[in-house]
Amino acid sequence: MTSDNSNSSAQSKGGSYLDAARGLTTQVLAAADLADREREIRAKLANAIKDQGLFRLLVPQSIGGGEIDYLEFLDIVEVFAKADGSTAWCVNQNNVFATTSATMPKRLAREIWSDRRAVVSNGPPTSAEAVPEGDGYRLTGRWNFSSGARHATWVAAVAPIRNPDCDEEDREVRTMLLPKEHVNLVDVWQVNGLRGTGSVSFEVEDLYVHKSRTFRRFDEPREAGPLYVMPMVLLFASGFATVALGIARAGLDAAIEVAGSKTPQGRALLREEPDTWRQIGQAEAILRSARAFLRESASAAWKSAREVRSLTLEERIRLRLAGTHGIRMAAQVVDIAYTLFGSHAIFENNPIQRRFQDVHAITQQLQGRMDHYDTAGQFFLGLEPQGIF
Numbered sequence: 000m001t002s003d004n005s006n007s008s009a010q011s012k013g014g015s016y017l018d019a020a021r022g023l024t025t026q027v028l029a030a031a032d033l034a035d036r037e038r039e040i041r042a043k044l045a046n047a048i049k050d051q052g053l054f055r056l057l058v059p060q061s062i063g064g065g066e067i068d069y070l071e072f073l074d075i076v077e078v079f080a081k082a083d084g085s086t087a088w089c090v091n092q093n094n095v096f097a098t099t100s101a102t103m104p105k106r107l108a109r110e111i112w113s114d115r116r117a118v119v120s121n122g123p124p125t126s127a128e129a130v131p132e133g134d135g136y137r138l139t140g141r142w143n144f145s146s147g148a149r150h151a152t153w154v155a156a157v158a159p160i161r162n163p164d165c166d167e168e169d170r171e172v173r174t175m176l177l178p179k180e181h182v183n184l185v186d187v188w189q190v191n192g193l194r195g196t197g198s199v200s201f202e203v204e205d206l207y208v209h210k211s212r213t214f215r216r217f218d219e220p221r222e223a224g225p226l227y228v229m230p231m232v233l234l235f236a237s238g239f240a241t242v243a244l245g246i247a248r249a250g251l252d253a254a255i256e257v258a259g260s261k262t263p264q265g266r267a268l269l270r271e272e273p274d275t276w277r278q279i280g281q282a283e284a285i286l287r288s289a290r291a292f293l294r295e296s297a298s299a300a301w302k303s304a305r306e307v308r309s310l311t312l313e314e315r316i317r318l319r320l321a322g323t324h325g326i327r328m329a330a331q332v333v334d335i336a337y338t339l340f341g342s343h344a345i346f347e348n349n350p351i352q353r354r355f356q357d358v359h360a361i362t363q364q365l366q367g368r369m370d371h372y373d374t375a376g377q378f379f380l381g382l383e384p385q386g387i388f
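Here it is in structure tokens:
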């Protein structure tokens, strides 16, 4: 069903998507505590984001998407991250997955994104299989970590196709697009960080899916835009690093503010203590250098995507490294801010508490794994790099 607000995109108002994101900041901040408690982005805020076109930023213009500049996309993610990590996480996750709209059959892409409020959530399978039947498949399985599933309209289920003539590793794998009402959402999202993402699981049993609603995820994109030259895994990596760094910026700003008013028992005002000076200085250096490395690497990759329509191995490795390093350094910055807040940091109503939980949840996600440093190290040592890049 098409939204009644189908003409209310940021562009039609004469502003940019970045302006639209900034315009939603107050609403995101106001809704953050509720989203954290209820473990989802409430419909009012989700619809406001949808109606500004901010969940279709990376969808091709040919099917009504924004297809915006990659670096502008990172700016938008950062704006949301400074307000609320969970909202920013969903903006990145749902937008980056939507780049599959450039790969799937155009008829299917139009079916989904003709709805201005369309959002597709997805998640890795824990057990899944599709059995060929007629003009489609019988699908059974379960998929986890489906961020934004509550405000999604469709879900994407990756599954291997049963074929007794193929070895396990040679089986075809397809992505199946399912209307959300066709799946069972399983609430396993009992966590202490990124609670507002509502990253629940979903499952189906013996569900018939017509082949017209399936595609092979790693087929060549039919769209010519440079966005679709960028590897999806690196879009995720740079986007989630931007979320982490935005959280860190907000946490450090909060610590700087409290240093001007907090007087620990028996001590001077925090801002007058040499130890505070050093911690703030170190945190600023860590944050600014990690962000600069990420933006430098992203800019180089984007330049190649636009000008030569491919990324070198070094550009891919550097963006992977910058993404992981950004996440790891963001956690260090938030830890410094958390320490400066003292005992008050442990209370839920303290602005650093949720940011502390959120940024450490990001370090545990695929993009924050320490073994990405190993991949970069292998490359710079002249070895064959192993990993996902």
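Counting in numbering that gives the first Met the number 0, the final residue of the sequence shown is number 388, and the numbers go up one at a time with none missing. Idealized CB from N, CA, C, for every residue including glycine.
(Q) Suppose contacts are defined by Cβ-Cβ distances below 8 angstroms. Is SER126 in contact with ARG141 by that definition? (A) yes
**Q.** Residues bridged to GLY135 (per DSSP)
**A.** GLU132 and HIS209
**Q.** Bridge partners - TRP142, DSSP secondary structure assignment
**A.** PRO124 and PHE201
Q) At which residues does the alpha helix (DSSP H) containing TRP112 begin and terminate? A) 105-112
(Q) At the level of alpha carbons, what is the spacing between PHE379 and ARG294? (A) 20 angstroms
**Q.** CA-to-CA distance, ASP370 to ILE279, given in whole angstroms
**A.** 29 angstroms
Q. So is GLN60 buried or exposed if we call it buried at 16+ other beta carbons inside 10 Å?
A. exposed
(Q) Am I right that ALA297 and TYR69 are in contact with their C-beta atoms under 8 angstroms? What's the rounded C-beta distance? (A) 7 angstroms
Q. Among all the DSSP beta bridges, which residues are the ones paired with PHE214?
A. THR174
Q | DSSP three-state assignment for LEU382, whether helix, strand or coil | A | coil
Q | Where ALA151 sits in the DSSP three-state scheme | A | coil
Q) What is the DSSP secondary structure of ASN348, reduced to helix, strand or coil? A) coil
Q. When you compare only the Cα positions, how much space is there between LYS81 and CYS165?
A. 49 angstroms
(Q) DSSP three-state label for LEU184, please. (A) strand
Q.
Contact defined as beta carbons within less than 8 angstroms: I believe ILE111 pairs with LEU176. What is the distance between those atoms, to the nearest angstrom?
A. 7 angstroms
Q: Ignoring anything shorter than 4 residues or poking outside the region 17-87, list the alpha helix (DSSP H) runs there in chain order.
A: 24-37, 42-50 and 69-82
Q) Between the C-alpha atoms of VAL203 and VAL190, what's the straight-line distance to the nearest angstrom? A) 24 angstroms
Q. Would the region 70-89 and the region 338-351 be scored as touching if the rule is three or more Cβ pairs under 8 angstroms?
A. no
Q: Taking 8 angstroms as the cut-off, decide whether the C-beta atoms of ASN91 and VAL78 are in contact.
A: no
**Q.** Beta-carbon proximity of GLY322 to LEU244, cut-off 8 angstroms
**A.** no
Q: Look at the alpha carbon of THR98 and the alpha carbon of VAL228, and state the distance between them as a whole number of angstroms.
A: 10 angstroms
Q. Does the distance from the C-beta atom of GLY250 to that of ALA336 stay below 8 angstroms?
A. yes
Q | Beta-carbon proximity list for VAL187, same chain, < 7 angstroms, skipping 5 on both sides | A | VAL199 and SER200
Q. Helix, strand or coil: which one does DSSP assign to PRO163?
A. coil
Q) Quick one: any contact between the region 217-234 and the region 304-320, if contact means 3 or more CB pairs under 8 angstroms? A) yes
Q: Compare the Cα-Cα distances from PHE292 to each of ARG319, GLU272 and GLU271 and report the closest residue.
A: ARG319
(Q) For ALA282 and VAL332, what's the separation of their Cα atoms in angstroms? (A) 5 angstroms
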